[in-house]
Amino acid sequence: MMQILFIIISVLMVVLFLGVLFKQTYLLNINVFLIHIILGFIIILYHLIDRSIPYELIGVSLIGVVLLQLKHRDILNDQDGRSFLKRLYHMVYIMVLLTISGLYIAYGPMIINVAGLWMSAITFTMLFSFISFCIWCSGFIHQRNAFDFDLLLILGAGIFSERVTPLLARRLDIAVALYEKNPELHLLVSGGQGPDEPISEARAMQHYLIEQGVPSSHITREPNSVSTHENLKFSHRIIQRQYQTKPNILCITSQFHILRALRYTQMENVSMEGIGSHTPYHFLEISLLRDFLALMYEYKLLLTIYFGLLFAGSIYSLLIVPFLQ
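Taking our numbering, the leading residue of the sequence shown gets 13, the next gets one more, and so forth.
Next up, the structure:
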């Protein structure tokens, strides 16, 4: 019975992958992502206690990788893209190797077999979650209808001069393209001045937008934030002051960054949608991994409980079940 239920859940998870990757924008939110991850956690925990392999979740993960590869098959035509894939698959290979190593320790004649099984479950959890994270990041690249929104919130990124970097320019270019379609849009640029930055990121972004033809009267600056959380927190205060009714907001940042940004909007109790700009391939895998870990940290209570259950399940599976038998 449980196997049939998990197969149905796995099919649903694949359907979610397809919807996210192929422009079903209603699935592009942090809550759907979290539900997807929790379903995976439940399957892993059950198989750990049952002393079985989660083949259905392995299948879901493999299908996710194939779907990502098919959607972004043009990467293979780019040398930097091929190098990125090589580095990304190397990271996946290491996680797979750690998972298998943990299983070997768990079922070998060693006193640390509980720790081995626990490590294996955690590593596979991270692998599945990272693949899901990459799929959602990919989904946020889709274009949005400019007339669905009243305000564009563009998050800043580090600058080295008074000009925006190529990474930040990609975010702003999305805002410019949307503004050109709907000149009624207002833009809020958020980013403070770091110790090694000559001006605030918000001012540099404002300069760039004006150069691209956006009138200054349609641009508001938030120049005090020095972190993503502060971006959303301080921007929310400005929005509350300037709007009597809640505007429809689109948050624009890099594709690897959008889920974490939406998590902070959730924490600030502000509703907005998101879109991600393309990231250069030469550091995309590091950015994906860094923001994935940062997003997981924001759910530290959930992960602490889950990892505790995995440890208890490992003890039950390897020590208590054999004793009862």
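Think of the CB as a built atom: it goes at the ideal place given N, C-alpha and C, for glycine as much as any other residue. Owing to the predicted nature of the structure, the values given are computational and were not obtained by experimental measurement.
Whole-angstrom distance between LEU244 and SER228, CA atom to CA atom: Rounded to whole angstroms, the separation of the alpha carbons of LEU244 and SER228 is 21 Å.
Open item on the list: I'd like the list of long-range same chain contacts for LEU79, defined as Cβ closer than 6 Å, with 5 residues on each side in sequence excluded.
Closed with: PHE29 and LEU33.
* Starting from VAL27, follow the beta strand (DSSP E) in both directions and report where the run begins and ends. => Element bounds for VAL27: not the beta strand (DSSP E) but the alpha helix (DSSP H), 14–33.
(message) Taking only three categories from DSSP, how would you classify ILE166?
(response) ILE166 sits in a strand when the DSSP states are folded into three classes.
**Prompt:** For the beta strand (DSSP E) that contains GLU234, what are its first and last residues?
**Reply:** 231–234
- Task: Inspect the beta-carbon positions of ALA133 and LEU60 and report whether they are closer than 7 Å.
- Result: yes
Q | Straight-line Cα distance separating LEU24 from PHE323 | A | 28 Å
Practice prompt. Can you check the segment 130–205 for any beta strand (DSSP E) of at least 3 residues that lies completely inside it and give the ranges in chain order?
Written response: 163–167 and 198–202
What residues match up with GLU285 in a beta bridge as DSSP calls it? LEU262
Is it right to say HIS48 is buried, meaning 16 or more other beta carbons lie within 10 angstroms of its own, or is it exposed? buried
On the criterion of 16 or more Cβ atoms from any shown chain inside 10 Å, does GLN254 qualify as buried, or is it exposed?
exposed
query = GLY288 and GLN267: beta carbons closer than 7 Å?
reply = Yes, the pair counts as a contact, with Cβ atoms nearer than the cut-off.
Q.
Quick check: GLU213 and GLY203, are their CB atoms within less than 7 Å of each other?
A. yes
- Task: Can you give me the start and stop residues for the alpha helix (DSSP H) that GLU213 sits inside?
- Result: 213–223
(message) Taking 7 Å as the threshold (C-beta atoms), are SER326 and ARG63 in contact?
(response) No. Outside cutoff.
**Message:** Excluding the 5 residues flanking PHE53 on each side, which residues of the same chain have their C-beta closer than 7 Å to its C-beta?
**Reply:** THR137 and TYR318
**Report entry** Of the listed residues ILE222, ALA118 and ARG183, nearest to ILE264 (C-alpha basis)
**Finding:** In terms of CA proximity to ILE264, ARG183 leads the group ILE222, ALA118 and ARG183.
With 16 other Cβ atoms within 10 Å as the buried cut-off, status of ARG249: ARG249 is exposed by the Cβ-count criterion.
query: Among the residues of its own chain, which have a CB less than 8 Å from the CB of ASN157, if the five just before and after it don't count?
result: none
Excluding the five sequence neighbours on either side, which residues of its own chain have a C-beta within less than 8 Å of the C-beta of SER22, listed in chain order? ILE55, GLU68, LEU69, GLY71 and VAL72
*So what does DSSP say about ASP62, is it helix, strand or coil?*
Reduced to three states, the DSSP call for ASP62 is helix.
HIS241, DSSP secondary structure in three states
Helix at HIS241.
| task | Would you mind giving the Cβ-Cβ distance between LEU57 and LEU321, rounded to the nearest angstrom? I have them listed as a contact below 8 Å. | result | 6 Å
* Using DSSP with H/G/I as helix, E/B as strand and the rest coil, what is LEU40? -> coil
- [ ] Could you tell me the distance, in whole angstroms, from the CA atom of GLY120 to the CA atom of GLY93?
- [x] 40 Å
Once DSSP output is grouped into helix, strand and coil, what is the label at TYR318? helix
- Query: Where do the ends of the alpha helix (DSSP H) carrying ASP92 lie?
  - Reply: Looking at the DSSP string, the run of the alpha helix (DSSP H) that includes ASP92 is 91–118.
Cα-Cα separation between ILE20 and PRO66, rounded to whole angstroms: 14 Å
How far does the alpha helix (DSSP H) with LEU74 in it extend, from its first residue to its last?
67–83
- Message: Could you compute how far the alpha carbon of PHE304 sits from the alpha carbon of VAL104?
- Response: Rounded to whole angstroms, the separation of the alpha carbons of VAL104 and PHE304 is 14 Å.
| said: Quick test of your reading: LEU190 and HIS230, contact by CB under 8 Å. State the CB separation rounded to the nearest angstrom. | reply: That pair is no contact at about 12 Å.
When the Cα atoms are used, what is the spatial distance from ILE251 to ASP86? 39 Å
Query raised in the report: Where does the unbroken alpha helix (DSSP H) through THR257 begin, and where does it stop?
Result: Run containing THR257: none; DSSP gives neither H nor E here.
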